[in-house]
Amino acid sequence: MAHTDIQNDTSPELSVIVPIYNEEESIKPLCDQLLSVLDELGKPFEVIFVNDGSSDRSMELLRNTAKERGELKIVNFRRNYGQTAATMAGIDHASGEVIIPIDADLQNDPSDIPKLLEKLEEGFDVVSGWRKDRQDAAIRRNFVSRLANRLISKISGVHLHDYGCTLKAYKKDVVKGIRLYGEMHRFIPIYATWMGAKVCEIPVQHHSRQFGQSKYGLERIAKVLLDLMVVKFLDRHLVKPIYVFGGIGLASFCASFLSAIWMFYLKFFDNTSMIETPLPLLVAMTFLVGLMCILLGLLAEMIVRTYFESQGRSPYLVKETVNMENE
2 MAHTDIQNDT
12 SPELSVIVPI
22 YNEEESIKPL
32 CDQLLSVLDE
42 LGKPFEVIFV
52 NDGSSDRSME
62 LLRNTAKERG
72 ELKIVNFRRN
82 YGQTAATMAG
92 IDHASGEVII
102 PIDADLQNDP
112 SDIPKLLEKL
122 EEGFDVVSGW
132 RKDRQDAAIR
142 RNFVSRLANR
152 LISKISGVHL
162 HDYGCTLKAY
172 KKDVVKGIRL
182 YGEMHRFIPI
192 YATWMGAKVC
202 EIPVQHHSRQ
212 FGQSKYGLER
222 IAKVLLDLMV
232 VKFLDRHLVK
242 PIYVFGGIGL
252 ASFCASFLSA
262 IWMFYLKFFD
272 NTSMIETPLP
282 LLVAMTFLVG
292 LMCILLGLLA
302 EMIVRTYFES
312 QGRSPYLVKE
322 TVNMENE
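Encoded structure:
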């Protein structure tokens, strides 16, 4: 893979990740704002632009901009993979102790970055931005987003006002091991909470979109809800999937057994022929559903064991040890 690197002498403390998809008008003002804020912080930093298969002049402008400052780095995708994949690529390539994703459309304000860092210094591991005064369509974006955030908070148990705000700050150790798929970049605070991270939320500025149009539509709601189901399943049943599949299987077996009892009762005590009721079909279907669920649960158990053992991972995370050998 062809690449050009301009190395810095000092390892960065901050890694700012910027997913880019057809944002050619925003790149120059975004770079100016970001560099102005980051230079004032006085800390070594890097800005990782992830070009997510843009079809406009975004990559050309990024190359030109990166020639001017060694802190500006580029990861260029072969095609469009989506914001979650771009965020994941930025995290994988980040070398800073603090990782800060930010949108490229100028709706997030880089001047909020120092506030996020101040909150991290108070002992938090994740600081999430809250677009308290959101400058988007009232019904199509704001109202729907509020409903989604309440649902996510209720189901996950991690209560945030704004899961959709890209502007967040993470300590590297809570995100480096996370793998993201689908639309799951917004659920990183949930994953971090599972790892014992301290999460908080602070209000941040939000501006109206200056250029182009939003890349998201209402169809994203269905994707987010489906991803939330996956997240909840992984939270509760990743290590023991037989509990969920087996539970459904046993319930189906019970339904089959009760249907069979009712069917034979009608046959012998009410002189009702079996073929006059749907009970034989119900008995057979619920029995087969129960059998398939049990088999799926056993298969999932084997897959989970293969996953942990092939990855060399354990089903637990250790924060620290004291007076242990091989530390």
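Residue numbering for the sequence shown follows our numbering, starting at 2 and increasing by one per position. Ideal Cβ placement from N, Cα and C applies to all residues, glycine included. If you're wondering where the values come from, they're calculated on a predicted model, not measured in any experiment.
Nearest candidate by alpha-carbon position, reference residue i, set the options
i, options, result
"residue 160", "42, 181, 20, 188", "188"
"residue 102", "21, 25, 223, 269", "21"
"residue 204", "116, 29, 302", "116"
"residue 151", "34, 272, 229, 244", "229"
"residue 86", "285, 180, 238", "180"
"residue 240", "104, 119, 178, 303", "303"
"residue 133", "121, 16, 146", "146"
"residue 123", "287, 199, 308, 288", "199"
Beta-carbon contacts of residue i that lie in its chain and below 6 Å, excluding the five residues immediately before and after
i, result
"residue 283", "260"
"residue 291", "250, 253, 254"
"residue 50", "19, 21, 63, 75"
"residue 329", "This structure does not reach residue 329, given that the chain is present from 2 up to 328, and the question cannot be answered."
"residue 297", "246"
Nonlocal neighbours in the same chain, by C-beta distance under 7 Å from residue i, ignoring five residues either side
i, result
"residue 208", "107, 108, 110, 136"
"residue 90", "51, 76"
Alpha carbon of residue i to alpha carbon of residue j, nearest angstrom
i, j, result
"residue 156", "residue 149", "11 Å"
"residue 72", "residue 252", "58 Å"
"residue 12", "residue 47", "9 Å"
"residue 80", "residue 59", "13 Å"
"residue 8", "residue 186", "In this predicted model, residue 8 has a pLDDT of only 46, less than 50, meaning its place in the structure is not dependable; the value taken from the coordinates is given anyway. Approximately 29 Å, taken between the alpha carbons."
"residue 78", "residue 54", "5 Å"
"residue 15", "residue 43", "11 Å"
"residue 227", "residue 263", "37 Å"
"residue 112", "residue 128", "15 Å"
"residue 276", "residue 289", "19 Å"
Assigned secondary structure, residue i (DSSP; H/G/I helix, E/B strand, else coil)
i, result
"residue 59", "helix"
"residue 32", "helix"
"residue 119", "helix"
"residue 149", "helix"
"residue 192", "helix"
"residue 124", "coil"
"residue 14", "coil"
"residue 208", "coil"
"residue 176", "helix"
"residue 114", "helix"
"residue 91", "helix"
"residue 9", "In this prediction, residue 9 has a pLDDT of 49, which is less than 50 and means its spatial position is unreliable; nothing more can be read from the coordinates."
"residue 143", "helix"
Chain-order list of residues whose beta-carbon lies under 8 Å from that of residue i (same chain, five-residue window excluded)
i, result
"residue 311", "none"
At 4 residues or longer, what runs of the alpha helix (DSSP H) sit wholly inside the region 240 to 309? Runs of the alpha helix (DSSP H) spanning 4 or more residues and lying entirely within the region 240 to 309 occur at 243 to 270, in chain order.
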